[in-house]
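Take a look at the structure set out below.
Number of protein chains: 2
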Amino acid sequence: MKITKTSCDLSSCLLCKNSVAGWLPLIDANRQMLSFKKKEVIFSEGSLVAGVYFVYKGTVKIHKAWSPQKELILSFARKGDMIGYRALGNDQILPITATALDDVTLCFVALPFFELSLQSSHPLTYALMRFYANALQEAEKRMRNLALMDVKGRVAETLLMLHHKFGADEMGQIAMNLTRQVMAAYAGTTYETFFRMLNELKAEGLIQQTDESLILLDAEKLATLTHTDP
Amino acid sequence: MKITKTSCDLSSCLLCKNSVAGWLPLIDANRQMLSFKKKEVIFSEGSLVAGVYFVYKGTVKIHKAWSPQKELILSFARKGDMIGYRALGNDQILPITATALDDVTLCFVALPFFELSLQSSHPLTYALMRFYANALQEAEKRMRNLALMDVKGRVAETLLMLHHKFGADEMGQIAMNLTRQVMAAYAGTTYETFFRMLNELKAEGLIQQTDESLILLDAEKLATLTHTDP
DNA sequence: AATTAACTATGATATAAATCATATTATTCG
DNA sequence: CGAATAATATGATTTATATCATAGTTAATT
Chain B
64 MKITKTSCDL
74 SSCLLCKNSV
84 AGWLPLIDAN
94 RQMLSFKKKE
104 VIFSEGSLVA
114 GVYFVYKGTV
124 KIHKAWSPQK
134 ELILSFARKG
144 DMIGYRALGN
154 DQILPITATA
164 LDDVTLCFVA
174 LPFFELSLQS
184 SHPLTYALMR
194 FYANALQEAE
204 KRMRNLALMD
214 VKGRVAETLL
224 MLHHKFGADE
234 MGQIAMNLTR
244 QVMAAYAGTT
254 YETFFRMLNE
264 LKAEGLIQQT
274 DESLILLDAE
284 KLATLTHTDP
Chain L
64 MKITKTSCDL
74 SSCLLCKNSV
84 AGWLPLIDAN
94 RQMLSFKKKE
104 VIFSEGSLVA
114 GVYFVYKGTV
124 KIHKAWSPQK
134 ELILSFARKG
144 DMIGYRALGN
154 DQILPITATA
164 LDDVTLCFVA
174 LPFFELSLQS
184 SHPLTYALMR
194 FYANALQEAE
204 KRMRNLALMD
214 VKGRVAETLL
224 MLHHKFGADE
234 MGQIAMNLTR
244 QVMAAYAGTT
254 YETFFRMLNE
264 LKAEGLIQQT
274 DESLILLDAE
284 KLATLTHTDP
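Chains B and L supply the protein sequences, listed in that same order. Counting from 64, one number per residue, gives the positions in the first sequence under my numbering. Counting from 64, one number per residue, gives the positions in the second sequence under my numbering.
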């Protein structure tokens, strides 16, 4: 990790978007741009909360370890996304780890200033509340999927999420370069199984593999796999 | 469901606790006490959000269906707990179902008034934000458990949660009367497997079954099952 | 450029947990 | 109160998915 002089335009993060213009200079004075190299841990489960971060460049995985060899990826964060916010609960101990998946630049805002911002801006607090409400809905949907949906459905769900989150280029390739292992850790399965499921989906003509990425040929049908059919 | 004249003391729910005294009469004017019989559905997945509810009496399960025969219980709500709050995200469609597990009395607050309360009270918005933050942490922990922990660990986790949520009487019996099927649906397994796991835990002397409930004989050791041990 | 380390690819095997089957016992309710 | 419905209890069987094993490829790092 190192401090960098890159700086954002104070306009794209949740904090800036929900602060009045007069507050921006204060934000500017209280933020710190940090950069992390690929694979570097940004913060880790069990450590104390320092503040919140906004992703400026790169991709971050938010994950929870189980055994040293196993983890579940909870989400991916990209430009504009906030991370570290899970720390605003009662517990001052971080429940998750954040790791850079490529070279990442972040804007860090220490907790005291963030709390001050919350106290001084009702719209910000309200926006954060809504943000959490959405995150909770999403988390609970995934809870059900992990408990009751089969792996193939979760793989389909993962691909659809990636397509939605990262977008696709002109050829339809999902604009990400995540490894299969990483995708598997999001889907909540092993990479061997993930790989087999990709093969099945390929055989069924729902996806296509390219050198660099994946193309969803039939998002409709993929979505079907993520629904119950009794 | 029917409207009832029972009324609470306007002091125990998140809304009342975070409103100034002057607001309480307004709450009083805008709430409605409702009662539901055992097994009655309070609101269901896919329907439109009407407002939030505070449990006054009884136990409610918050669940998400998969196939008609399968569901995951996300949480149990008891006196003082708020339900329906998952609806405050961007989506106006409820993502979950709430069902009465016994006879339940609720205090209902319609969405417009609840939103008005949020707008007029920063502390309330802040409290709700923190509430969500905690719920999210909890949900994500369970996500990992469902994905990576074995069933026995999840059963142990379920028992510890029940003990914590419902408390225990002088004999150590957990003060709830949930069926095994319900507990299994919370643990994310079938009731047959849940039953087998209870047998194992009994054989290991960690729990004891009574006619009416369960006693945790060794909470320490149960907790061990919920941690990684490589 | 060479060496290590990480990721992909597949088949074979093992196993945890779901499903199926069938009694038995409670509980609800007309 | 007695019929019907739901919950418990257990064994047998199946199946989805993880684990193990082994190679081949690509990507990092010195």
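Just so you know, even glycine gets a beta-carbon here, dropped at the ideal spot from N, CA and C.
Proximal residues to residue i (C-beta, below 8 Å), its chain only, five neighbours per side dropped
{"i": "residue 76 of chain B", "result": "117, 143, 145, 170"}
{"i": "residue 93 of chain L", "result": "172, 173, 176"}
{"i": "residue 129 of chain L", "result": "135"}
{"i": "residue 96 of chain B", "result": "66, 67, 68, 69, 70, 71, 119, 168, 169, 170, 171"}
{"i": "residue 275 of chain L", "result": "236, 240"}
{"i": "residue 111 of chain B", "result": "155, 156, 157"}
{"i": "residue 256 of chain B", "result": "214, 247"}
Beta carbon of residue i nearer than 8 Å to that of residue j
{"i": "residue 289 of chain L", "j": "residue 198 of chain L", "result": "no"}
{"i": "residue 123 of chain B", "j": "residue 160 of chain B", "result": "no"}
{"i": "residue 152 of chain B", "j": "residue 272 of chain L", "result": "no"}
{"i": "residue 165 of chain L", "j": "residue 101 of chain L", "result": "yes"}
{"i": "residue 246 of chain B", "j": "residue 214 of chain B", "result": "no"}
{"i": "residue 73 of chain B", "j": "residue 89 of chain B", "result": "no"}
{"i": "residue 222 of chain L", "j": "residue 285 of chain L", "result": "yes"}
{"i": "residue 81 of chain L", "j": "residue 179 of chain L", "result": "no"}
{"i": "residue 78 of chain L", "j": "residue 172 of chain L", "result": "yes"}
{"i": "residue 226 of chain L", "j": "residue 279 of chain L", "result": "yes"}
{"i": "residue 230 of chain B", "j": "residue 167 of chain B", "result": "no"}
{"i": "residue 228 of chain L", "j": "residue 99 of chain L", "result": "no"}
{"i": "residue 236 of chain L", "j": "residue 277 of chain L", "result": "yes"}
{"i": "residue 251 of chain L", "j": "residue 217 of chain L", "result": "yes"}
{"i": "residue 210 of chain L", "j": "residue 211 of chain B", "result": "no"}
{"i": "residue 266 of chain L", "j": "residue 149 of chain B", "result": "no"}
{"i": "residue 185 of chain L", "j": "residue 185 of chain B", "result": "yes"}
Nearest-angstrom Cβ-Cβ length linking residue i and residue j, presumed shorter than 8 Å
{"i": "residue 109 of chain B", "j": "residue 157 of chain B", "result": "7 Å"}
{"i": "residue 177 of chain L", "j": "residue 115 of chain L", "result": "5 Å"}
{"i": "residue 206 of chain L", "j": "residue 202 of chain B", "result": "6 Å"}
{"i": "residue 181 of chain B", "j": "residue 189 of chain L", "result": "7 Å"}
Bridge partners - residue i, DSSP secondary structure assignment
{"i": "residue 290 of chain L", "result": "According to DSSP, residue 290 of chain L bridges with nothing at all."}
{"i": "residue 127 of chain L", "result": "L:135"}
{"i": "residue 65 of chain L", "result": "L:98"}
Any non-hydrogen atom of the ligand HEM within 7 Å of residue i CB
{"i": "residue 84 of chain L", "result": "With respect to the ligand HEM, the structure offers nothing, as it holds no ligand at all."}
Residues near residue i in its chain [Cβ-Cβ closer than 6 Å; skip 5 each side]
{"i": "residue 232 of chain B", "result": "238"}
{"i": "residue 249 of chain B", "result": "136, 221"}
{"i": "residue 293 of chain L", "result": "Low confidence applies to residue 293 of chain L: its pLDDT is 46, below 50, so where it sits in the model is not reliable, and the reading given next is rough at best. So no residue of the chain qualifies."}
{"i": "residue 306 of chain L", "result": "In the structure as shown, chain L begins at 64 and stops at 293. Residue 306 of chain L is therefore absent and cannot be evaluated."}
{"i": "residue 107 of chain B", "result": "160"}
{"i": "residue 283 of chain L", "result": "none"}
{"i": "residue 147 of chain L", "result": "115, 116"}
Close Cβ partners of residue i (< 7 Å) along its chain, the five nearest in sequence each way excluded
{"i": "residue 258 of chain L", "result": "243"}
{"i": "residue 254 of chain L", "result": "243, 244, 247"}
| Complete runs of the alpha helix (DSSP H) confined to the stretch 131-190 of chain B [at least 4 residues] | 174-183
Could I get the ranges of all uninterrupted alpha helix (DSSP H) runs contained in the stretch 87-124 of chain L, with 4 residues as the minimum, in chain order?
As for any alpha helix (DSSP H) of minimum length 4 sitting wholly inside the stretch 87-124 of chain L, the runs are 87-93, ordered along the chain.
Ignoring anything shorter than 4 residues, give me the alpha helix (DSSP H) runs that lie fully in the stretch 214-285 of chain B, in order along the chain. If you keep only unbroken alpha helix (DSSP H) runs of at least 4 residues inside the stretch 214-285 of chain B, you get 214-229, 243-250, 254-266.
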